[in-house]
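Following: one structure in structure tokens, then a few remarks.
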Amino acid sequence: MRTIQIHDPGKKSKNLCARMDYRNQRISVVKQLSTVVRDSHERRETAEAAIKKEKKKCEALETKILKHESTIRKLQYQLDAAEKKGLDMTIKMGDMEKENINITKQFQLVQEKGEELKRRRLIETLEATSLASESAQQLKIQKMTTKKVQRDLVKSEERISRSFPEPTPYSRFSSRHKRMISVRHVVNYIRCSAPIPEDFDHLMRAIVKNSGEESAIFKLSPQDSFVLKSKLHLSEGAITELKRTFSSKLGLNVIASRDEIRKFRKEIDINKDYEFFVDKLVKEDKNGKKIEHPSPRVVIKNLKDVLTRRIQCLKDNDMLIFDDSCKDSLVISLLGDKGSEEVKLSANIQNICHPNSPDNLTLLGYYEGQDTAEQLSDKLGSVFEQWNSFDTITYTSKAKGPITIVIKKQICGDLKFLSALLGHQGQAASCPCHLCVTSWSLQGSNKLTLDCCDLNKVPEYRTIQSYAADSVTGANSVRVRSSPLCSIEPSDICIPTFHIFQGVYDAYFDDYLIGEANRKDLAESKKGAKSNNNDTFKDQKKKLSGLIKEEKQQKNYLSVLTKAADEGLCTITAFDLIMKNPVIHLKHPVQLCDADTCIVNHLSKSRRMDEWIKCSDCNKDYHFPCASIFSPDAKQELSRYSAIWKCTKCKNMTLQDHHTLAIEAVTELNAQVKFVSEKLQKIEDERLHLENLIQKSTGKTRKQLEAVFQSIGCDPRTWYQTHTGTQIRKILRKENIDSIMAVFDDNSKNQIVKNCLYGLSQLMSISGNKSFSSSEIDDIEEIVKEFGRNMKIAFPKKNLTPKLHLILYHVVPHLRKHHSWGRTSEQSIEHLHAQFNALKRRFQSVRNIEAKSRLIVEELGIRIWLHDHGVLDS
662 MRTIQIHDPG KKSKNLCARM DYRNQRISVV KQLSTVVRDS HERRETAEAA
712 IKKEKKKCEA LETKILKHES TIRKLQYQLD AAEKKGLDMT IKMGDMEKEN
762 INITKQFQLV QEKGEELKRR RLIETLEATS LASESAQQLK IQKMTTKKVQ
812 RDLVKSEERI SRSFPEPTPY SRFSSRHKRM ISVRHVVNYI RCSAPIPEDF
862 DHLMRAIVKN SGEESAIFKL SPQDSFVLKS KLHLSEGAIT ELKRTFSSKL
912 GLNVIASRDE IRKFRKEIDI NKDYEFFVDK LVKEDKNGKK IEHPSPRVVI
962 KNLKDVLTRR IQCLKDNDML IFDDSCKDSL VISLLGDKGS EEVKLSANIQ
1012 NICHPNSPDN LTLLGYYEGQ DTAEQLSDKL GSVFEQWNSF DTITYTSKAK
1062 GPITIVIKKQ ICGDLKFLSA LLGHQGQAAS CPCHLCVTSW SLQGSNKLTL
1112 DCCDLNKVPE YRTIQSYAAD SVTGANSVRV RSSPLCSIEP SDICIPTFHI
1162 FQGVYDAYFD DYLIGEANRK DLAESKKGAK SNNNDTFKDQ KKKLSGLIKE
1212 EKQQKNYLSV LTKAADEGLC TITAFDLIMK NPVIHLKHPV QLCDADTCIV
1262 NHLSKSRRMD EWIKCSDCNK DYHFPCASIF SPDAKQELSR YSAIWKCTKC
1312 KNMTLQDHHT LAIEAVTELN AQVKFVSEKL QKIEDERLHL ENLIQKSTGK
1362 TRKQLEAVFQ SIGCDPRTWY QTHTGTQIRK ILRKENIDSI MAVFDDNSKN
1412 QIVKNCLYGL SQLMSISGNK SFSSSEIDDI EEIVKEFGRN MKIAFPKKNL
1462 TPKLHLILYH VVPHLRKHHS WGRTSEQSIE HLHAQFNALK RRFQSVRNIE
1512 AKSRLIVEEL GIRIWLHDHG VLDS
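For the sequence shown, our numbering gives the first residue as 662, with consecutive numbering after it.
Following this line, the structure appears as structure tokens:
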């Protein structure tokens, strides 16, 4: 059915009216809202206009304030000027008052004299009129009176001149006593004007402050202020505080301004003499990934000009010297070494009092990398070209004018650096020495021991020509197709001192002293094993390593035996169960072997074997447990291809026989486990005791030795570390050698080692900033020979190291040619590493690599300038 809807017209009109009313209400609300918005906009515009007016007023007020401040400043300046003028006027008025008083006194004297003359004339007139007869007599009396007055005047002038003598110029006083008397007279005279101490202080400040151009004597020059700032390491804040203190206490600014100091610093800046580069260096991170890092590199532009300026400066400051080691030449040494991450190349001038000072080193360049021949040539090749290109330097003398002098070149550094410069293969080569072609082995059965050394042998020296010839074929341990970076004869290369003594002590004496202390402690200990009388610290460490290795092997073997015994017990248990109840014999899941009773499924999963053994007669396969074989040695023996073994079937063995055989095997294994356990315990005890002696220094003698080292400031670094070079210098003093050797037994062996230490101590005293005559060198040769003979007796089976070879065969020839050993040493560049690292830490906040390099080079240049002007104490 369809539903018919009937629409009501009245209801529709009512709804329409309701909608119209609702619409009218919304329109009215919108109008009200628009009115409110319009009013708010108007109020906002009014407020903004008011704010703008206020801003304009504030700006006008600020302008007025600025004008008033400027006016106040001008008025302040005018007031200061007026006060100064007032002070000047006061001083002038005081001077005018003094002049007025003097003029008044002179006027009074003139009046008095005039009145006196008038009286005299009147008296003369009266006398002439009344006593004409007596005129001659009165005239005589008058003359006598005049003479007496004149005499009195002369005496008074003499008395006044003695009381107030004419001042003598201060420069004429020759003695210090007379100068002090003169100063005291002046001070006492000033104190008359200011008897109170406070007034005296104010007066002195006023004298200093108002002395005009002469006040410069109370003020440091920019150079002196820069020297003070650099030598005392004063910061800008410290300089400002000093200025404030001087101004408040003295009334005078003694230190030059910061702009003047900065200007002087720019004048001596050496960055213009260098080229700065930023290379790309490939490094590995923690994960082994190769990453490129920026790396600084600095190269000097003109080596000859820089050295010429330094030599001229040293000459002007009377610091150049020419002794027996230098003669009439300028000795300049090239030094190189790697410290931290950088390889540094520098040059020092030997013709001064302290040539080994790090402040005497002129930086020639540095880079990050290794001090190999390839990198030295690649990174600093231009420096070596400049070094090889000049042989003379010209400087100016005040007395003789321009002087051209010959340069005597030397090279100094550790053995690795020297070998790299010459093209030598290094100290591990068959010809380890870079100075001669002597060949000897450093290790193995053919190593050259000290008892086989011929101390009278004269080595054949290398030359630049021999290096060039050997580089063609690689003979005499010269690298093939190499060429020396420096064109200097090997005989002019300095023998290093710092590394030589450290190397010889570490290789021979340090090993012996610690080994002797441990040997004595082992001999006195009940737990200690037998120790050979000739055991050194190195031998003891080898023995400890052997004990650790043996202990590990015995532990592994004990673990295998224990496992085999447990396997045997499990096998015995399985046989017991099967013998009691054959029904429970398991045949799954593991495949059975050919044994009559395979017990592999009765074993736990961790003990089941995949190893099989084949019978030599029937060729059947059996599990090791099923054949009652548990011993690891037996298993290893039967696992060989040629092993012969018969199975239980071929031997007609019953299950009971199997059971008995298993019990016997387990009993034997238990006995073996007990024996190995006892042996392992002994090894552990010996290892722990030796380890405590070596690593923890628990022995009595070892503790005494370390106490002596500590008392002389040379704490030993046990186990793998060594003494530093400075500590070795302390150890090699005679009194310290006596203290160290007093710890050990007084026997012939220790006495000869003590003599060796005495000889090394004498050689150390020779290697300093000294020059030697020919007779003194003859005495040194005897010391070297005696040292060599003692070393052969003390360490006959020790190998000859390259550093000991240099002492025994090359020190004396070097002294005969140069008359000095150690006047230039590698110690200065080792000290430069410390200064360089300190500067890196100081400028670590500078992110720019080139800027940091410039700051470091600038600071090094400042130290050189201070050194060449005699400011720094070397």
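Don't be surprised by glycine CBs; every beta carbon is placed ideally from N, CA and C.
Cβ-Cβ distance between residue i and residue j below 8 Å
| i | j | result |
| --- | --- | --- |
| VAL1518 | LEU1024 | yes |
| SER1481 | SER1432 | yes |
| LEU1022 | SER1043 | no |
| GLU1447 | GLY1420 | yes |
| LEU1037 | ALA1081 | yes |
| HIS954 | LYS965 | no |
| LEU1493 | LEU1351 | no |
| PHE1497 | LEU1516 | no |
| SER1422 | LEU1469 | no |
| ASP1182 | ARG958 | no |
| ILE929 | TRP1526 | yes |
| LEU1079 | GLN1088 | no |
| ASN978 | HIS1530 | yes |
| SER1338 | LEU1219 | yes |
| ILE1401 | LEU1174 | yes |
| GLN1215 | ILE1344 | yes |
Outcome for residue i when other beta-carbon atoms lying within 10 angstroms are tallied against a minimum of 16
| i | result |
| --- | --- |
| MET1240 | exposed |
| LYS809 | exposed |
| ILE802 | exposed |
| SER1486 | buried |
| MET616 | For residue 616 there is no data in the structure shown, the boundaries of the chain being 662 and 1535. |
| PRO830 | exposed |
| CYS987 | buried |
| ASP860 | exposed |
| SER836 | exposed |
| HIS1320 | buried |
| ASN1416 | buried |
| ASN1194 | At ASN1194 the pLDDT is 49, less than 50, meaning the model places this residue with poor confidence; the figure from the coordinates comes in the next sentence. Flag for ASN1194 reads exposed. |
| THR1379 | Because the pLDDT at THR1379 is just 44, under 50, the model does not fix this residue reliably, and the value given afterwards should be weighed accordingly. That one is exposed. |
Reference residue i; option with closest CA among the options
| i | options | result |
| --- | --- | --- |
| ARG1348 | SER1372, GLU1212, ASN932 | GLU1212 |
| ILE1438 | LEU1476, SER1338, LEU748 | LEU1476 |
| ARG926 | ILE1523, GLY1531, LEU864, PHE907 | ILE1523 |
| SER1277 | SER896, CYS1308, THR732, GLN1163 | CYS1308 |
| ASP1171 | ASP885, PHE1078, VAL1414, SER886 | VAL1414 |
| ILE1149 | ASN1107, SER994, LYS1210, ALA1295 | SER994 |
| CYS1311 | HIS1263, LYS1364, GLY997, ALA1256 | ALA1256 |
| LYS1464 | ASN685, GLN884, CYS1097 | CYS1097 |
| ALA1323 | GLY1360, CYS1254, ALA1225, ASP1376 | ALA1225 |
| LYS1281 | SER1292, ILE1305, ASN1107, LEU1264 | ILE1305 |
| SER1106 | LEU748, ILE712, LYS714, LYS1458 | LYS1458 |
| GLN1031 | SER1050, GLY997, PRO1063 | GLY997 |
Supposed contact pair residue j and residue i - C-beta distance, whole angstroms, cut 8 Å
| i | j | result |
| --- | --- | --- |
| LYS890 | ILE900 | 6 Å |
| LYS1069 | SER1001 | The pair is not a contact, with the Cβ atoms about 31 Å apart (cut-off 8 Å). |
| LEU1111 | MET1452 | 6 Å |
| LYS1005 | ILE1490 | 7 Å |
| ASN914 | ASN1430 | Incorrect: roughly 43 Å between the Cβ atoms, too far for contact. |
| ILE1010 | ILE982 | At roughly 10 Å, the Cβ-Cβ gap does not stay under 8 Å, so ILE1010 and ILE982 are not in contact. |
| GLY1084 | TYR1128 | 6 Å |
| THR1055 | THR1065 | 5 Å |
| PRO1120 | THR1099 | 5 Å |
| SER1292 | ALA1326 | 7 Å |
| CYS1073 | CYS1014 | With a Cβ gap of about 18 Å, CYS1073 and CYS1014 do not count as contacting. |
beta-carbon residue i near the ligand NAP non-hydrogen atom, thresh 7 Å
| i | result |
| --- | --- |
| PHE879 | With respect to the ligand NAP, the structure offers nothing, as it holds no ligand at all. |
Within-8 Å CB hit, residue i to chain C
| i | result |
| --- | --- |
| LEU1316 | Among the protein chains of the structure shown there is no chain C, as only one such chain exists. |
- request: Return the chain-ordered ranges of every alpha helix (DSSP H) run that is complete within the segment 1377-1460 and spans a minimum of 4 residues.
  value: 1386-1392, 1395-1402, 1409-1427, 1435-1455
field: 3 or more residues per run - each beta strand (DSSP E) lying fully within the segment 1273-1308
entry: 1273-1275, 1282-1284
- request: Taking only runs that begin and end inside the segment 984-1052, name each unbroken alpha helix (DSSP H) of 4 or more residues, in chain order.
  value: Runs found: 1034-1050.
Contiguous alpha helix (DSSP H) assignments of at least 4 residues, all confined to the segment 756-780: Within the segment 756-780, no run of alpha helix (DSSP H) reaches 4 residues while sitting entirely inside it.
field: Length-filtered (3 minimum) beta strand (DSSP E) runs lying within the segment 900-930
entry: none
- prompt: Quick one: complete alpha helix (DSSP H) runs, 4+ long, within the segment 832-867?
  reply: For the segment 832-867, whole alpha helix (DSSP H) runs of length 4 or above, ordered along the chain, are 837-854.
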